[in-house]
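Counting along the sequence shown from 1, when you hit position 97 you're at 140 in the numbering used here, and nothing is skipped either side.
Following: one structure in structure tokens, then a few remarks.
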Amino acid sequence: MKTNKKVLTTVAAGAAILGAASAVTNANADTVSSTQQSTVSQKASSQQEQKQQTAVKSSSVQSAKATASSASSAVKSAQAKVNNDQKDVNSAQASVNQAQNTANKAQANVNSAQNEVNQAKQNSSSVQNKIASQQSKVAQDKQTVANDQSQVSSQQKVTDQAKSSLTNAQNKASQAQSQVNADKNQVSKLQNIGSVVNNDKNKVVQDKQNVANDQSQVNSDKQAQQTAQQNANSANSKEQSAQSSLNDAKNKQQSIQNDLNNVNSQINQVTHGISITEKDGYSANTIQNYYDNGQGNLNSIVSAAKATEATATKFVPSNNDNEIVDPTNLTEAQQQEITKFVAGILNPLRSENGKVDVTPNSSAIKFADDVVAGYNKDNWSLWNGHDETAIANAASENGLDNSGNYYECGVGGIDTKPETMNDLESQIYDGIKTLLFEDYPSTNGQPDADPTHGDFGHAYSLLGCIQPGSAVPQHVYLGVSIDKLGQLHIEQILGQAYITDPSKFNVNNNLSMPDISGLETQAKTLTNQLTQADTVVNQAQNAYNQAKNAADSANTALNNANTALTNAQKKLADDQTTLTNDQNQLQKDEAEQANAAKLLPAAQQKLANDEKDLTNAQNDVKKAQIAYNQANDKLNSLKAQLAKDEAQLANDEKELSNLENTMNDYKNAPAKLVNAKKALADAQAALNNAKQALANAKTTMSNDQNTLAQKKAALAHANTVLANVQNACRQASHPMNTAEMGNVVTLTSSNNTVKADTVGDVFEAKKANNMKSAMPQTGETSNSKATEAGEIGLAFASILAGLGLGYKRRH
């Protein structure tokens, strides 16, 4: 409690002092003489009290800043609320607009419904009378249409009968015409029977000659057909014999090919079908010349490497290698298998290029394992180059020269997860191809001449190249292992020269490799046999082709002979039929010629009678045509009237339907008006609610806008207070006289310039000079600064209160 009193007292005292200081600002500076000299001496406050005052000033400034920051946050919050209020007002206004449109439509519907009610009251009786009248008219129309339909139906029958009569008359006339034509032909024939008989005789003579010629042609075609048949039989037999010989040759060829494929497959299981020879433009010699002597064009070598890689066969899996293995934790047997697998790929390539084969060796495998252990320990990636330390340590451990990396070729890309041995060997195979064919310098995939990017060094090593001046080793010991990063390590020990401790490296602990020399000899023998078999097949194929061509020609000739014979036989039969018919006609005509004198009068009389019948039939046709035309015209007229009456019925029925619809609308008009009024009431209520919501939103926004204005005023006030407090602190930190500066200094004012006679520091003089500009001049008042002065007073009250509280706490 005493502490609180102490603080309050200090605050009150400070406020009083600052109030007095504030009052002084209203005084004129007339009493300040330009020649007055004042010597003031005051002891400096202790250093601890100065620090305490500084802390209190800083606290006041920070408090004012916090107030200003809080006021700023309040303004932002109020502004955000006003912004949201504006959105609410806009939304409410849109709702009012929509509700107003709905109400307007509802009012229009009420007006329309009211008009319909009014019309119903005025016109219901009239419309009902029109309906009755129209119903009577429709009934009359229906009767008229029914009568029309009956007349049309009746007339249709009459017309159909007339059509039938016309058709019968036309048929009779046609028959009569045919009979007249036949009679005329018979009369003409009897009148010219002698000429007819002579023509018949000439035909018979010609027919006999045709038959004789046909028979001769048939005999000739038969002979040709028999000859063609014999030729075809002989050619077909030769073709079959040639086909049999060709099949035998092909079967022998295929048998040899199968044997060769089997042998090559066995060889490929070891060599995997990679071949690098001088003829390809990419070989050990090419690489060594480039690597050691800088000879050869890099782009050409790279192109040759790519072309050679393209000819390499794909990995051929083995049915015996489907066991699951862990690439980073292989058993001894599995590690020996992959080492022999690598040797099987490399040795044929070395042999092709006259280099020493690699020998899989258990000590070399141990060396490879120790290298991998070092890589695993160092977590080393081949992207960083070879782990020279790991290689050197492993070399020492295994009795090998540890002065450098003379042993390792490495490549990544091995899957570290369990997989089949086939899968693992396929990845090793691809890795070796990369080392052999893609180990060239490149930038962005394109060859360049920078040897630091690669120099076929791995291909150089794997193909067995030896640096110039070095002894060619009798044996190259091989060991292969895989590290935990999936990196393949191929370690080669180039003979005794690199073995420093034979007790640690057993050169006799070699692994046996499959001997493929017998297979290669067998492959060469089979290749020669296949070449001979190919020659036999080609000869047999040529013989067969000739035999087949001859057979095809003979068969074509036989088909043509058969066709010619068939055509000749058909012509003979046709001409024989014609001869028979003409002979019968001759006999008939000769009989008629004997009775021509008797038959002609009767034939002429029959012609006259049939012509009379034809005239009568033609007259009947004319009458039937007239009757049909009249009946059909009447039918068309009745149909036209029916269509007209049906159209009238349709129009009258439509008019009746319109009247009935109008009457139904009149009946429904009151209910429609009730519904429209209810909808209007609902729309008006919704409009009123929307308007009220809009008013509420505007009121809320107005209140929030007022709050925002208050917050902005508070922010402006807080910023002013902060500025005043900061200014007060700056003034409080400046010495008001030389005593405060710890010096005895005479202040002389002359021409509004303060001089510090005993202060040597010009900068302190400038500070004093600047202070005078803040003092009121003669004739000035500071009434315009009253509010700020009050705020400064409150700020200093806080400062003094802090000083009092600080003094209390220290003691």
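Just so it is clear, CB atoms sit at the ideal spot from N, CA and C, and this is done for glycine as well.
Source: prediction; values computed, not measured.
query: Quick one: Cα of serine 179 to Cα of proline 713, how far?; result: 29 Å
query: Taking all protein chains shown into account, do 16 or more other C-beta atoms lie within 10 angstroms of the C-beta of alanine 396, making it buried, or fewer, making it exposed?; result: According to the sequence shown, residue 396 is asparagine rather than alanine. It is buried - the Cβ of asparagine 396 has at least 16 other Cβ atoms within 10 Å.
query: Can you round the beta-carbon distance between threonine 402 and valine 519 to whole angstroms, since I take them to be within the 8 Å contact cut?; result: 7 Å
query: May I have the straight-line CA-CA distance separating glutamine 143 from alanine 733, to the nearest angstrom?; result: 9 Å
query: Hey, quick one: how far does the alpha helix (DSSP H) through histidine 501 stretch, first residue to last?; result: 500-505
query: Looking only at its chain, what residues have a beta carbon closer than 7 Å to the beta carbon of glutamine 626, apart from the 5 residues adjacent to it on each side?; result: Val247
query: Are at least three pairs of beta-carbons, each pair with one atom in the region 228-237 and one in the region 670-680, less than 8 Å apart?; result: no
query: On the DSSP bridge assignment, give the partners of histidine 532 in chain order.; result: Gly453, Ser524
query: So, for glycine 803: in the same chain, excluding its five sequence neighbours on each side, which residues have a beta-carbon less than 8 Å away from its beta-carbon?; result: With a pLDDT of 39 at glycine 803, under the threshold of 50, the predicted position of this residue should be treated as unreliable, though the coordinate-derived value follows. No residues qualify anywhere along the chain.
query: Which residues in the same chain have their Cβ closer than 6 Å to the Cβ of isoleucine 457, if we skip the five residues on either side of it in sequence?; result: Pro370, Gln470, Ile525, Gly529, Leu531
query: Under DSSP, the beta strand (DSSP E) around serine 401 begins and ends at which residues?; result: Just to set this straight, residue 401 is valine in the shown sequence, not serine. That run of the beta strand (DSSP E) goes 401-403.
query: If I'm right that alanine 607 touches aspartate 243 with Cβ under 8 Å, what's the distance once you round it to whole angstroms?; result: About 32 Å separates the two Cβ atoms, so there is no contact after all.
query: Could you give the C-beta distance for alanine 660 and alanine 212, rounded to a whole number, given that I count them as a contact under 8 Å?; result: 7 Å
query: Let's see if you can read the secondary structure: which residues bound the alpha helix (DSSP H) around asparagine 332?; result: 327-336
query: Report buried or exposed for tryptophan 426, applying the criterion of at least 16 other Cβ atoms within 10 angstroms of its Cβ.; result: exposed
query: Report yes if the CB atom of leucine 692 is closer than 8 Å to the CB atom of lysine 185, and no otherwise.; result: yes
query: Indicate the three-state DSSP secondary structure (helix, strand or coil) for alanine 59 in the structure shown.; result: Reliability of the predicted coordinates at alanine 59 is poor, the pLDDT of 35 falling under 50, and no value is obtained from them.
query: From aspartate 656 to alanine 219, what does the alpha carbon distance come to, in whole angstroms?; result: 7 Å
query: Give every residue of the same chain whose Cβ lies closer than 7 Å to the Cβ of glutamine 222, excluding the five residues on either side of it in the sequence, and list them in chain order.; result: Asp653
query: Report the CB separation of alanine 135 from leucine 716 in whole angstroms; it is logged as a contact under 8 Å.; result: In fact, because the Cβ distance is near 32 Å, the residues do not count as touching under 8 Å.
query: Pairing CB atoms from the region 333-348 with CB atoms from the region 592-603, are three or more of them under 8 Å?; result: no
query: Going by the CB atoms, is the gap between valine 118 and glutamine 769 shorter than 8 Å?; result: no
query: Taking the alpha-carbon positions, what's the alanine 225 to glutamine 249 distance?; result: 28 Å
query: Should the region 436-448 be regarded as contacting the region 353-362, the criterion being three or more beta carbon pairs within less than 8 Å?; result: no
query: With 16 other CB atoms within 10 Å as the buried threshold, where does asparagine 707 fall?; result: exposed
query: Relative to the alpha-carbon of phenylalanine 480, which residue among Glu468, Asp618, Leu505 has its alpha-carbon at the smallest distance?; result: Leu505
query: Contact between the region 386-396 and the region 536-552 is defined here as three or more beta-carbon pairs at a separation below 8 Å; is this criterion met?; result: no
query: What are the start and end residues of the alpha helix (DSSP H) that includes alanine 355?; result: Element bounds for alanine 355: n/a, residue is neither H nor E.
query: Which residue comes first and which comes last in the alpha helix (DSSP H) that contains proline 391?; result: 375-395
query: On a CA-only basis, which of Asn372, Leu389, Thr750 is nearest glutamate 462? Give me that one, please.; result: Asn372
query: Cutting at 6 Å between CB atoms, please list the residues of its own chain near lysine 295, excluding the five before and the five after it.; result: Ala576
query: Taking its Cβ as the centre, do 16 or more other Cβ atoms sit within 10 Å of lysine 754, making it buried, or is it exposed?; result: buried
query: Return the CA-CA distance between leucine 643 and glutamine 630, expressed in angstroms with no decimal places.; result: 18 Å
query: Can you tell which of Asp473, Ala740, Ala566 has the C-alpha that lies nearest to the C-alpha of asparagine 127?; result: Ala740
query: Quick one: residues in its chain with C-beta nearer than 8 Å to the C-beta of tyrosine 709, no 5 flanking neighbours on either side, listed in chain order?; result: Glu159, Gln162, Ala163, Asn166, Ser167, Val170
query: Between the Cα of glycine 417 and the Cα atoms of Asp400, Tyr503, Ala686, Ala437, which residue gives the shortest distance?; result: Ala437
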